[in-house]
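Following: one structure in structure tokens, then a few remarks.
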Amino acid sequence: MRVVSVGEVMIELVRGQDGRFALGYAGDAFHTAIYLSRCGASVALATALGNDRYSDEALETAAAEGVATDLVLRIGDRVPGLSLVEADGNRNGEIWRDTSPARQLFELPGWDRVAEQVVAAQYVYFSGVTLSLYSNVGLGRMLAALEFGRERGAKIAFDSNWRFACWRGDDQRARAVFSEALRRSDLALPSFEDEAKLWGDASPAATVERLTTFGVREVVVKNGASPALVHAEGRTVEVPVPQKLDPVDTRAAGDAFNAAYLAARMKDEKPEAAALAGHRLAAEVLQHPENLMPGPRRAVGEKRH
Ligand code: ADP
4 MRVVSVGEVM IELVRGQDGR FALGYAGDAF HTAIYLSRCG ASVALATALG
54 NDRYSDEALE TAAAEGVATD LVLRIGDRVP GLSLVEADGN RNGEIWRDTS
104 PARQLFELPG WDRVAEQVVA AQYVYFSGVT LSLYSNVGLG RMLAALEFGR
154 ERGAKIAFDS NWRFACWRGD DQRARAVFSE ALRRSDLALP SFEDEAKLWG
204 DASPAATVER LTTFGVREVV VKNGASPALV HAEGRTVEVP VPQKLDPVDT
254 RAAGDAFNAA YLAARMKDEK PEAAALAGHR LAAEVLQHPE NLMPGPRRAV
304 GEKRH
């Protein structure tokens, strides 16, 4: 029984204070997979990479964190997407991902094996960025796998993580694709800022209302330093952050929140306790300049789920 996290791993170059770039690996589903593993969950990453040394290194990074890599397809003569991140406080930069192997996950030889494992998972986790990668053929296969998985008892967890650039400004397509994903989701973990921009939601409560209309039974609306709004088991409650922080770097905080929330729910913790665990892990990540803060895997010695 495991979580399958579906998405992309990119090469990431982050500019340091000295102006030089340091090499790492990034991607929302990748971060969440690693933080899930650190939280003690059994997790596999489903993506596609090239056959180059950087693809090898990205896989080694995941494997060293205890993330299973048996659902990673490889394409020869292709390299992963690339993200450049500036040290300008806002972490602006550029991304090259038009030819990312991850875009073809559900069209490459072996896609059916990936789909079978999505169907067999206990939880499937993916984001709106994941969905923005695929062609209509790929999307159809992914959505069908979610549906079959659900019929077999898999729980589907989705963070819309809306980014204007991922959708090339096509908000209508983003909304249409997200609607299809939401109709197949058990748990939605959006950020209020993203939902307000894409759907015009006036408040986190409006986001909860809109998402439950799609049939999503559990909704957690993250809202920066403001309380998360948690709707589950028919109740809606605010879960405040334990402490408001002045973040060093906000990247991957939402991904870490999602991982800790999911890991806690897999251990049958209550939604409010899970949200608090999410806040706590996000707070740690906010205080580090890296997406993947240093630290031993939390799974060591713990029971795996
Ligand atoms: P995302 O990073 O996905 O855009 P948010 O900005 O809503 O999402 O932040 C994700 C989580 O990070 C929040 O739910 C909260 O737990 C934590 N967080 C964000 N900003 C702060 C802050 N200033 N102080 C404390 N916690 C924060």
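All residue numbers for the sequence shown refer to the working numbering, where the first residue is 4 and numbers rise by one. Positions of the beta carbon are idealized from the N, C-alpha and C atoms, including for glycine.
With respect to the 7 Å criterion, A36 and L48 are classified as neighbours on the basis of their beta carbons.
Closer than 6 Å to some heavy atom of the ligand ADP: that does not describe the Cβ of A266.
According to the DSSP secondary-structure assignment, T253 is paired through a beta bridge with no residue. The straight-line gap separating the alpha-carbon atoms of C42 and A255 is approximately 15 Å. A contact between stretches requires three or more CB pairs, one per stretch, nearer than 8 Å, and the stretch 52-59 meets this requirement with the stretch 68-84. Beta-bridge partners of S86 (DSSP): E15, I98. Proximity to A228 across G257, T210, V240, T215 peaks at G257, based on C-alpha coordinates. The DSSP assignment places complete beta strand (DSSP E) segments of no fewer than 3 residues inside the stretch 210-273 at 221-224, 231-235, 238-242, in order along the chain. DSSP lists L52 as the bridge partner or partners of R77. Boundaries of the alpha helix (DSSP H) around G143: 139-154. Take the alpha-carbon of L248 and the one of A286: they are about 8 Å apart. In the structure shown, A157 falls within a coil segment according to DSSP collapsed to helix, strand and coil.
When DSSP states are grouped into helix, strand and coil, S194 belongs to the strand group.
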